[in-house]
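Notes to accompany the following structure.
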Amino acid sequence: MRGLAGMRRLAAPFVVAAAGLGLGCGPVVPAPVAPAPAVDRAEVEADPLLLLAQRTGEGVRVEEIDAGERLERAAALVADGEFLEAAAVCDDVARRFAGTIAEREAWYRKGVALEWAEDWAGALAAFERRLDLDGDGPPEAAALPALIHAALLAEQLELWDRAAAYFERLLGSPALSPGDRRAAQVRLAVARAARGEADEARAMFEAVIEDADRAIAAGETVHTAPPAEAEYRLGLLALAPLDGLRLDSADARALRRQVERIGDVFGAAFPRLANALRSGNAFWAVQAGWRIGETYMRIYEMFVDAPVPDVLRGEQRRAYLALLRARTRILLANALEAWEENLLRAERTGVRGAAVERTAEGIARVEEILEQRAAHRSEMDEMVEEFLATQGEADPLGPLLRRIGLEVGDGTVGGEPVDLTSDGTSETDASSGTGSAPESAGEAGGTAPAEAP
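The opening position of the sequence shown corresponds to residue 3 in my numbering, with each subsequent residue numbered one higher.
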């Protein structure tokens, strides 16, 4: 489950602030400070959602002086790190001033306090109590902060039906700007994909990319995160069939079809991940860079875990395994290259998080495999490599294997060079939906382009 920083990253920039509430004639209660741990710039820019949930500097005006004083006390407790005590004060306000603006504000502030305490379920319940006071229907501007928090918490807790319902309700608000709407559409699509509605999610991701492209063409400023994440998520959907594929057929023709199917899946996913790499959004570029390296490793494992044909014995078996090691070496090289460039990208842009940690772990793993191979290198390995050097296009599996990265290509995607050192944040199309896609992974050079749980 994502931590506090992860949830903030999902919601970080919804650029239109919720409208200020100038109701009543009592004291102004300062707006609560939502949890915002120190995170890198690129992580904050990953998704434009939480800024919409931030309150205006004027705060909320409540009619009851006593309620205002109590809410100020709760705010002071939060500032001192006494989050549960602050939540208890908010409970008291909600009970004493039921049916007033103060009750609504108390439930919201309790949710914020429990978020600070990382009581995600308790925070969600508090925000839902706040929303229940408004009933169903399109949310008013005053309810947007609680609705956004509730939707994001439901997503974090993997309560997909509730998350989808909240994001759908959010999309019904006339207060959303076009950019905010794209951000909410991506979050709704993520929830639908998690519910198994892959086709619906795919269509929503495509619509976000197309809408961002149109906005850019019209000269509008477009936040790069929603279309970049949409490209990344489309890549994940394209990779999903890989989970059910195996290289286990004893029949040569059937085995070749299995290899072709792996190539088809990789060829469909690679362009989407490449688009995320050059989207102009550093966070999603790092996510895509890690995922590309991880995909090379998954395919490598499929080959090395495939059963050795039963008919092979003794010297033939050793030759087969040596051939397999030689053929899969390029997959290791591609994974290593993708991950090394991804670490550099993360360092340049300041991105941190699980994808960066997994990238470092992946590099260590590949290096360990290569060291083990070098330590156990045999005469058979040398003979096989000499043999393969003479094969070229005579190798009947050559064109097929290139599609899944078994041969280093010319470093292009769709005929256009890909800068392997790019961080996806300079000289890019911010729409992340442009650029021609390779017809196969082989045309992409079989190597990680500029790169990403």
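For each residue, glycine too, the CB sits at the ideal point set by N, CA and C.
The way I'd put it, the region 214-229 doesn't touch the region 192-205; fewer than three beta-carbon pairs between them come closer than 8 Å. Put simply, the backbone Cα of residue 129 is about 16 Å away from that of residue 94. For the set 251, 312, 116 and 171, the Cα lying nearest the Cα of residue 87 is the one of 116. With respect to the 7 Å criterion, residue 298 and residue 336 are classified as neighbours on the basis of their beta carbons.
In the structure shown, residue 177 adopts coil according to DSSP, grouped into three states. Residue state for residue 392 is assigned as coil, using DSSP reduced to three classes. Taking 8 Å as the upper bound for CB-CB distance, residue 171 and residue 135 are not in contact here, some 15 Å apart.
In this structure, the straight-line span from the alpha carbon of residue 249 to that of residue 268 is close to 15 Å. For residue 151, the secondary structure class from DSSP, reduced to helix, strand or coil, is helix.
Under the three-state reduction of DSSP, residue 159 is assigned to coil, being neither helix nor strand. In the three-state reduction of the DSSP assignment, residue 197 falls in the coil class. By the 16-neighbour rule on beta-carbons within 10 angstroms, residue 388 is exposed. Within its own chain, the residues whose Cβ lies closer than 7 Å to the Cβ of residue 241, once the five positions on either side in sequence are excluded, are 267, 271 and 297, listed in chain order.
With contacts defined as CB atoms closer than 7 Å, residue 173 and residue 155 fail to qualify as a contacting pair. At a Cβ-Cβ threshold of 7 Å, residue 184 and residue 228 count as neighbours. The beta-carbon separation of residue 105 and residue 119, rounded to 21 Å, does not stay under the 8 Å limit for a contact. The continuous alpha helix (DSSP H) containing residue 345 extends over residues 316-351. Using a C-beta cut-off of 8 Å, the region 312-326 makes no contact with the region 354-369, since fewer than three inter-stretch Cβ pairs fall below that distance. If you look at residue 134, you'll find it in the alpha helix (DSSP H) that goes 122-134. Between residue 132 and residue 308, the alpha-carbon positions lie close to 55 Å from each other. Separation of residue 83 and residue 124 (C-alpha to C-alpha, rounded to the nearest whole angstrom) is 17 Å. DSSP places residue 182 within a helical segment (H, G or I) once states are collapsed to three.
In this chain, residue 245 is not harboured by any alpha helix (DSSP H), its DSSP state being neither H nor E. Residue 257 and residue 251 have their alpha carbons spaced roughly 5 Å apart. Taking the C-beta atoms as reference points, residue 306 is found no nearer than 7 Å to residue 353. Restricted to the region 72-106, the alpha helix (DSSP H) segments that are unbroken, complete and at least 4 residues in length are 85-98, listed in chain order. Straight through space, the alpha carbons of residue 247 and residue 317 are spaced by roughly 29 Å. Residue 326 has its alpha-carbon roughly 19 Å from the corresponding atom of residue 263. Assignment of residue 309 by DSSP, reduced to helix, strand and coil, places it in the coil class. Counted as a single uninterrupted DSSP element, the alpha helix (DSSP H) harbouring residue 277 occupies residues 254-279. Here residue 229 carries a helix assignment [DSSP, helix/strand/coil]. Contact between residue 186 and residue 235 does not hold, since the beta-carbon distance rounds to 14 Å and is not under 8 Å. Residue state for residue 224 is assigned as coil, using DSSP reduced to three classes. Going by C-alpha positions, residue 372 is about 19 Å away from residue 390.
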